[in-house]
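Heads up, the sequence shown is in our numbering, so the first residue is 1 and it goes up one at a time.
Cβ atoms here follow ideal geometry from the backbone N, Cα and C, with glycine treated the same way.
Model, not experiment: these values are computed from the prediction.
Before any comments, here is the structure.
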Amino acid sequence: PIFRELEQLPRSIMRTLPRDLLKEAKTIFSLPWEDTEETPGHHAAGDSAYKPLATELLRWTGQKLSTEHTAKYLLDTMNVDLETGRVLYLPCSPFDNFPSYLTASVFHGLVS
1 PIFRELEQLP RSIMRTLPRD LLKEAKTIFS LPWEDTEETP GHHAAGDSAY KPLATELLRW
61 TGQKLSTEHT AKYLLDTMNV DLETGRVLYL PCSPFDNFPS YLTASVFHGL VS
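As structure tokens, this is what we get:
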């Protein structure tokens, strides 16, 4: 994803996103690309311009943006020992009786 003014975004918002990698992506995709009207297009630098970055973003996503990682981060923040600690999970029920994305994600990560 390309975010406008990512540099202006407070650090407290979207904390888990790899900002440096996204800034690099923004730089690459602001370069002149050709033949983008009917094809994915190409850049003078070829695949070497974006393939390593895409690989790193996919690696980061798989490791850091999973529900399991989110749950481990939450437990670590609360100083809960992953081997011996126990957690009582009490989800809040919103007005429409559907859990929020964050609530569902944390629950999935805790039971995974």
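- Message: Considering only their Cβ atoms, is the gap separating Ala49 from Val106 smaller than 8 Å?
- Response: no
- Task: Go to Gln105, then tell me how far its alpha helix (DSSP H) extends in each direction, as first and last residue.
- Result: Note on identity: in this sequence residue 105 is Ser, with Gln being the wrong assignment. Counting along the chain, the alpha helix (DSSP H) containing Ser105 begins and ends at 101-111.
- Message: Taking its Cβ as the centre, do 16 or more other Cβ atoms sit within 10 Å of Ala25, making it buried, or is it exposed?
- Response: buried
- Item | Between the CA atoms of Leu22 and Gly62 - distance to the nearest angstrom | 16 Å
- For His69, which option in Ser12, Leu6, Gln8, Thr16 has the closest C-alpha, if you only look at C-alpha atoms? Thr16
- Same chain, Cβ closer than 6 Å to Pro18, neighbours up to 5 away in sequence not counted: Trp60
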